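Numbering (my numbering), first residue to last: 9 to 243.
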């Protein structure tokens with residue numbers, strides 16, 4: 009079922025109160041695409057855009073096109089304060105796209121590699137490479153860095169799929185049909201993860217959200233873009 013009509017932000021809202029990333033950021037529909045940036049550009053003021061509806065067990069399909077240098081994210085089981093399970097869309101040097109992070113829920117993460125850009129003489133991004141993280145998380149299914157690079161399309165739209173089931177959830181992520189990561193909320197032993205505390209905080213249902221990260225690391229004028237947003241409820 010589509011949750012974005014391609015014309016307006018009906019069915020969505022910005023964080024209603026100021027959070028750590030800011031008062032909400034700027035969100036507009038541009039040529040059928042949700043475009044998010046800091047408000048005003050380069051100010052450090054970001055935020056999140058959330059669905060009005062909450063979801064329990066579901067699959068999410070969404071196209072994304074972040075500008076290089078942005079730190080964004082795709083939130084599931086989120087509350088209005090942006091506390092959630094996040095699929096990272098940290099599209100910058102030393103970043104990661106596709107692994108799970110505890111946003112406002114302990115800072116745990118499942119990433120096993122970081123991405124880095126390769127540039128031409130004009131300092132334009134032409135391709136990506138990866139390096140292992142300095143401190144790898146507990147072992148779970150994860151795509152290799154080389155396979156991730158082959159799956160990701162630089163300068164183009166990429167399709168993310170997430171499956172979220174259970175409480176605490178098992179979350180599986182795919183990019184362009186390639187499975188990236190499996191997170192098991194029942195058994196994950198990583199640093200910062202508190203199964204009981206997170207389940208009490210977030211419950212079994214939450215919102216889907218997209219993020220404009222606050223702070224000065226977001227390049228002035230850069231945007232994250234989203235389209236073709238579909239949710240299939242499983243319960």
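Idealized CB from N, CA, C, for every residue including glycine. Bear in mind the structure is a predicted one, so any value in this text is a computation, not a measurement.
Annotation: residue 200 to residue 94 spans about 14 Å, alpha carbon to alpha carbon. Residue 43: member of the beta strand (DSSP E) spanning 41-45, first to last residue.
Less than 7 Å separates the beta-carbon of residue 150 from that of residue 189. Going by C-alpha positions, residue 213 is about 30 Å away from residue 159.
Taking a 10 Å sphere around the C-beta of residue 96, we find 16 or more other C-beta atoms and assign the residue as buried. When Cβ pairs closer than 8 Å are counted between the two stretches, the segment 62-75 is seen to touch the segment 163-170, the count reaching three or more.
The beta carbon of residue 16 lies closer than 7 Å to those of 37 in the same chain, with the five residues before and after it left out. Counting every other CB atom within 10 Å of its CB across the protein chains shown gives residue 86 a total of 16 or more, marking it as buried.
Residue 158 carries a helical assignment under DSSP once its states are collapsed to helix, strand and coil. Closest in alpha carbon position to residue 50, among 229, 241 and 238, is 229.
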